[in-house]
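Participant: Sending over a structure as structure tokens; questions will come in a sec.
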Amino acid sequence: MSLDAHLVALIEVIAPELGATLTVEPIYRRSGMLRFAGGAVLFFRNNSLNINVAGNARMAADKSYLSSFLAGMGFRTLPEIAVARRDVRHGEISPALLADVLAFAAGNDWRVIVKPNALSQGRGVRLTQGRDALLAAVHETLALDRVCVVQQFCAMPEYRIVVLDGQVLQAYRRQRLTVTGDGRSTVAELAARKIAAVTGARNESGGAALLAATESIRAARGGAMSDVVAAGEDLAVADIGNLSAGGEATDVLDNLNPHWQALACELASRCGLLLCGVDIFIADIGDPSSDYRVIELNSAPGLDDYLLSGGAQRERVKQLYRQVLVTAERTMAAAAKA
Ligand SMILES: Nc1ncnc2c1ncn2[C@@H]1O[C@H](COP(=O)(O)OP(=O)(O)O)[C@@H](O)[C@H]1O
Ligand SMILES: [Mg+2]
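All the letters of the sequence shown, read from the start, carry residue numbers -10 to 327 under the numbering used here.
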């Protein structure tokens, strides 16, 4: 369980401080209605607080459309090709599109990311290598989502930068779950230890599911969980950096060149998002002229993601959500006056 499960509990503390009243849905206690002192109303649902204009948030949730708009505005995105359910007849992708997908993957050495267009938290995102793995992944993805995105794999370091109303609230690097060998322990032992450490520190459950995911990724690469990892060898046991997929986070707010802060703020404002989690690859965050690629924008980013559990962290998370609610109230009040 992440701290996000305590969003209701956090808002219960923040609401009276802001003079707002909170009504919590009584059965699941995951959703609520806030009424601010000035009368503005804000609902949150399933532990997700979205203060953005609904249409803009919906656009951000569609990775393929969003990438196309971002590229049109001149931001750097990754080359990709989409396959929709309607492109598949009797289990076969239409021949012209199939040829394009295969040419795209071949042009990227068959190392591509396959992902559902509109899911989140890393669900269904995977790296494939080879023709058969790619096509199997596309079909499996289309069982989850109407559109599947096949995208160039990017090996640059990955970051999450959270922007609230033109200001960077958080910036952290995300690294996929990696174990370091000691010459004696197996992948299974190392992964179990690492997963316990990562999820335990964040007060999360889900370790068993992560270990199972590790096993299937390992199998897809032709390896076994019983392999012993050489001393000092770093072995990635996940394809993606999402923290919900066991990824690890390091705070980089102080090392982020102002150029990248400004880019994240520009992305949020050009897409009309008051609160926005920018997922982005940046070659060197200290160098304003280095390369970057936008992965996606999140309109309802969790703010507790990378923080360890504990009193001080909880207080910090509370202050972040408080800032978000104050901004939401101010914006709604201004919109009502306009
Ligand atoms: N093109 C890519 N190259 C390398 N890794 C990627 C790529 N696209 C996604 N990923 C990895 O997968 C994660 C999830 O992808 P993302 O598009 O952000 O979807 P989600 O909405 O599920 O978070 C990213 O945070 C990153 O670690
Ligand atoms: Mg993401």
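Think of the CB as a built atom: it goes at the ideal place given N, C-alpha and C, for glycine as much as any other residue. Note that the structure is a prediction, hence the values are computed from the model and not measured.
In angstroms with no decimal places, state the Cα-to-Cα distance between SER258 and ALA73.
Facilitator: When rounded, the distance between both Cα atoms is 29 Å.
Participant: Which residues bound the beta strand (DSSP E) around VAL101?
Facilitator: 100 to 105 is the span of the beta strand (DSSP E), which, as asked, contains VAL101.
Participant: Rounded to the nearest angstrom, how far is the Cβ of VAL226 from that of THR203, given a contact under 8 Å?
Facilitator: Sure, about 5 Å apart at Cβ, within 8 Å.
Participant: Scan the segment 191 to 257 and note each continuous beta strand (DSSP E) run of 3 residues or more that stays entirely inside, going in chain order.
Facilitator: The segment 191 to 257 contains these whole beta strand (DSSP E) runs: 223 to 225, 237 to 240.
Participant: Reducing DSSP to helix, strand and coil, say where VAL114 ends up.
Facilitator: DSSP places VAL114 in coil when its eight states are reduced to three.
Participant: Look at MET145 and ILE271 and say whether their C-beta atoms are less than 9 Å apart.
Facilitator: Taking 9 Å as the Cβ cut-off, MET145 and ILE271 qualify as a contacting pair.
Participant: Between LEU123 and ligand 1, is the CB less than 8 Å from at least one heavy atom?
Facilitator: Because no heavy atom of ligand 1 lies under 8 Å away, the Cβ of LEU123 does not count as near it: no.
Participant: Less than 8 Å separating the Cβ of ALA289 from some heavy atom of ligand 3?
Facilitator: No copy of ligand 3 appears in this structure; the ligands present are ligand 1 and ligand 2.
Participant: With ALA160 and LEU242 assumed to form a contact (beta carbons below 8 Å), what rounded beta-carbon distance in angstroms separates them?
Facilitator: 5 Å between Cβ atoms; contact.
Participant: Confirm the yes/no value for this check: CB of ALA144, any heavy atom of ligand 1, distance under 8 Å.
Facilitator: Checking the Cβ of ALA144 against ligand 1 gives yes.
Participant: If you draw a straight line from the alpha carbon of SER57 to that of THR175, how long is it in whole angstroms?
Facilitator: Using only the alpha carbons, I get a separation of about 43 Å.
Participant: Is ASN246 near ligand 2, judged by its Cβ being under 8 Å from some heavy atom?
Facilitator: ASN246: no, Cβ never under 8 Å from ligand 2.
Participant: Label TYR17 either buried or exposed according to how many other C-beta atoms from any shown protein chain fall within 10 Å of its C-beta, with 16 as the threshold for buried.
Facilitator: Its Cβ having fewer than 16 others within 10 Å, TYR17 is exposed.
Participant: Restricting to runs no shorter than 3 residues, where is the beta strand (DSSP E) found entirely within the segment 261 to 300?
Facilitator: If we require 3 residues or more, the beta strand (DSSP E) runs fully inside the segment 261 to 300 come out as 264 to 271, 281 to 287.
Participant: Nearest by alpha-carbon distance to ALA322: which of ALA9, ILE102, ARG303, ALA29 is it?
Facilitator: Out of ALA9, ILE102, ARG303, ALA29, ALA29 has the C-alpha closest to the C-alpha of ALA322.
Participant: Could you please give me the residues that DSSP links to TYR310 through a beta bridge?
Facilitator: BP columns for TYR310 are empty, so no partner.
Participant: Using 8 Å as the cut-off, classify the Cβ of SER53 as near or not near the heavy atoms of ligand 1, replying yes or no.
Facilitator: Flag unset: Cβ of SER53 not near ligand 1.
Participant: List the whole-angstrom C-beta distance separating ALA46 from ASN39, where the pair is believed to meet the contact cut-off of C-beta under 8 Å.
Facilitator: Confirmed, Cβ separation roughly 6 Å.
Participant: Which one of GLN118, GLN308, ALA92, VAL283 has the shortest CA to CA distance from VAL103?
Facilitator: When only C-alpha atoms are compared, the closest one is GLN118.
Participant: How close, in whole Å, do the beta carbons of ALA253 and VAL313 come, if the pair is a contact with beta carbons under 8 Å?
Facilitator: Actually they are not in contact, since the Cβ atoms of ALA253 and VAL313 sit about 16 Å apart, beyond 8 Å.
Participant: State the beta-bridge partners of GLN140 as determined by DSSP.
Facilitator: According to DSSP, GLN140 bridges with GLU69, ILE102.
Participant: Determine which residues share a DSSP beta bridge with PHE33 and list them.
Facilitator: In the DSSP output, where bridge partners are listed per residue, PHE33 has GLY21.
Participant: Among residues of its own chain, excluding the 5 on either side of ARG319, which ones have a beta-carbon nearer than 7 Å to its beta-carbon?
Facilitator: Within the same chain, ARG319 has no close Cβ partners at all.
Participant: Which one of PRO247, ASN246, GLU6, GLY236 has the shortest CA to CA distance from ALA188?
Facilitator: Here the sequence assigns Thr to residue 188, which means Ala is not the residue at that position. Comparing Cα positions, the closest option is GLY236.
Participant: In three-state terms, what does DSSP make of ILE16?
Facilitator: Here ILE16 sits in coil by DSSP.
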